[in-house]
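Asker: In UniProt numbering, the protein residues as written are 1 to 146.
All C-beta atoms, glycine included, are put in the ideal place defined by N, C-alpha and C.
Could you have a look at this structure, given as structure tokens, before my questions?
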Amino acid sequence: MVMEKPTPLLVGWKFVRQHYTLVNQAPDMLHRFYGNNSSHVHRGLDSNGKPADAVYRQKEIHRKVTSQNFTNCHTKILRVDAYAMLNDGVVVQVMVLFSNNNQALRRFMQMFVLAPEGSIANQFYVHNDIFRYQDGFVTEPTQKCL
Numbered sequence: 001m002v003m004e005k006p007t008p009l010l011v012g013w014k015f016v017r018q019h020y021t022l023v024n025q026a027p028d029m030l031h032r033f034y035g036n037n038s039s040h041v042h043r044g045l046d047s048n049g050k051p052a053d054a055v056y057r058q059k060e061i062h063r064k065v066t067s068q069n070f071t072n073c074h075t076k077i078l079r080v081d082a083y084a085m086l087n088d089g090v091v092v093q094v095m096v097l098f099s100n101n102n103q104a105l106r107r108f109m110q111m112f113v114l115a116p117e118g119s120i121a122n123q124f125y126v127h128n129d130i131f132r133y134q135d136g137f138v139t140e141p142t143q144k145c146l
């Protein structure tokens with residue numbers, strides 16, 4: 001029996017639900033979505049006030065994620081967009097409201113590039129992950145565009 005290939009949006013939604021469920025319930029397991037050629041960028045400032053660098057490989061991504069000290073997290077998924085990529089990959093962009101340790105909700109955008117997991121049909125791993133809080137972004141233009 002041949003399994004029908006899921007749409008990119010279905011892949012994206014299923015992944016997003018699984019990913020943010022783990023953020024809320026078991027963040028120490030998030031690294032399982034990543035492989036040894038994965039990258040993760042959590043854009044923001046490091047402890048020295050400099051832009052944070054990307055981390056690579058599952059072990060370093062695990063270290064980075066656990067350093068975020070996710071506790072009592074709550075997420076509200078506002079939007080998911082997902083599109084097919086080359087080589088049967090899927091790019092997923094998510095807009096989320098997020099609270100860590102019962103703090104106020106903050107909006108962020110996260111983009112994932114999901115790559116096929118070897119020869120296993122319809123299974124993916126996170127090849128690239130880019131995260132950025134949306135704090136302080138201007139919502140109204142300050143000048144007329146020319």
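1. Can you tell me the Cα-Cα spacing of I120 and D88, whole angstroms?
2. Measure from the alpha carbon of G35 to the alpha carbon of each residue in V80, Q134, T71 and V55, then state which is nearest.
3. Give the C-beta separation of F108 and Q134 to the nearest angstrom, bearing in mind that I take them to be a contact with Cβ-Cβ under 8 angstroms.
4. Tell me the start and end of each unbroken beta strand (DSSP E) in the UniProt domain "NTF2" (11 to 133) that is at least 3 residues and wholly inside, in chain order.
5. Assign Y83 to buried or exposed, taking buried as 16 or more other Cβ atoms, counted over all protein chains shown, within 10 Å of its Cβ.
6. Please report the distance separating the alpha-carbon of P8 from that of D81.
7. Here's the rule I'm using: 16 or more other beta-carbon atoms within 10 Å means buried, otherwise exposed. How should G118 be labelled?
8. Taking the straight line between their C-alpha atoms, what separation do you get for P27 and V92?
9. For the candidate residues K59, T71 and I77, whose alpha-carbon lies nearest to that of F33?
10. Measure the CB-CB distance between T66 and Y20 and report whether it falls below 9 angstroms.
Answerer: In this structure, then:
1. 12 angstroms
2. V55
3. 6 angstroms
4. 34 to 43, 74 to 84, 90 to 99, 106 to 116 and 124 to 133
5. exposed
6. 9 angstroms
7. exposed
8. 20 angstroms
9. K59
10. no
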